[in-house]
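End of the sequence shown sits at 414 in my numbering; the numbers just go up one at a time, nothing left out. Input: a single structure, listed below in structure tokens.
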Amino acid sequence: MRRRRLSREDRALWDEVARRVRPMRDAPPDAVSGPPPEKTLPEKTPPAPVPAAPLPLKPFRLGAKAPAAAPPTPSAPPAIRMDRKAFLRMKGGKLDPEARIDLHGMTLAEAHPALIGFILRSQAEARRLVLVITGKGSGAEWDPAFADRRGVLRRQVPHWLHQAPLSGAVMQVAPAHRRHGGEGAFYVYLRRSR
């Protein structure tokens with residue numbers, strides 16, 4: 221293919237553009253525009269200083285300086301949503317639960333689906349009062365450094381019972397009477413299934 225030559229007008233326009241254009245800062249140097257820049261040798265960096273020997277650690281015990289766990293603040297008594305007379309009988313341990321589930325020893329991942337299935341199944345079977353056993357959360361191997369892990373189920377189960385999908389099935393949650401497990405269990409009074 222033969223190259224076309226530029227007309228005088230095109231050549232004048234090209235020269236005008238070439239005069240106004242400035243080279244980009246980071247562009248590689250054009251081989252035609254001039255000699256290549258001189259190469260400079262990189263500066264030698266001084267060697268990194270040798271660190272001094274680490275100071276010996278003083279003996280310590282995990283959680284030794286942690287503030288003592290504050291005793292739980294008593295929360296306001298839960299609102300009574302069920303019949304007051306039945307509630308007082310239930311709190312006094314005079315109503316026997318129709319079913320029970322023992323979550324003691326389960327992990328949170330195991331206990332949550334087990335609780336959901338138990339509550340929804342109990343409501344479908346027209347049960348009104350069930351017992352959920354969580355355990356007290358204390359043991360012989362109790363260590364103050366892990367105090368926040370004690371009684372995790374006991375603290376978590378009431379939250380689960382007041383959240384979906386269980387909130388629609390649960391009418392009342394109350395700590396169980398000593399006869400039915402005391403601090404390590406909850407009475408759950410269910411709504412009638414529709």
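Yeah, the Cβ is synthetic: ideal placement off N, Cα and C, and Gly gets one too. Fair warning: this is a prediction, and the values are worked out from it, not measured in the lab.
For residue i, the nearest candidate out of the options (CA to CA)
i: S413; options: R375, P395 and R341; result: R341
i: F406; options: H379, W380, T354 and R224; result: T354
i: A306; options: L349, K356 and L226; result: L349
i: H324; options: A389, V372 and V408; result: V372
i: L328; options: P378, P287 and E318; result: P378
Residue interval of the alpha helix (DSSP H) (run including residue i)
i: P378; result: V372 to L381
i: D230; result: R228 to R240
i: F280; result: From DSSP, F280 is part of no alpha helix (DSSP H); its letter is neither H nor E.
i: H332; result: L328 to A344
i: R304; result: R304 to K311
Beta-bridge pairing of residue i - partner residues as DSSP gives them
i: V350; result: A319 and V408
Boundaries of the beta strand (DSSP E) in which residue i is found, first to last residue
i: A394; result: V390 to P395
Assumed close pair residue i, residue j - CB separation to whole angstroms, cut-off 8 Å
i: L410; j: W380; result: The pair is not a contact, with the Cβ atoms about 14 Å apart (cut-off 8 Å).
i: H400; j: L351; result: 6 Å
i: R374; j: K356; result: 7 Å
i: F319; j: R347; result: For the record, residue 319 in the displayed sequence is Ala; it is not Phe. Right, the Cβ-Cβ distance comes to about 6 Å (below 8 Å), so this counts as a contact.
i: L386; j: I339; result: 5 Å
Does the region 305-318 come within contact of the region 384-400, defined as at least 3 CB pairs closer than 8 Å?
-> Yes, the region 305-318 touches the region 384-400.
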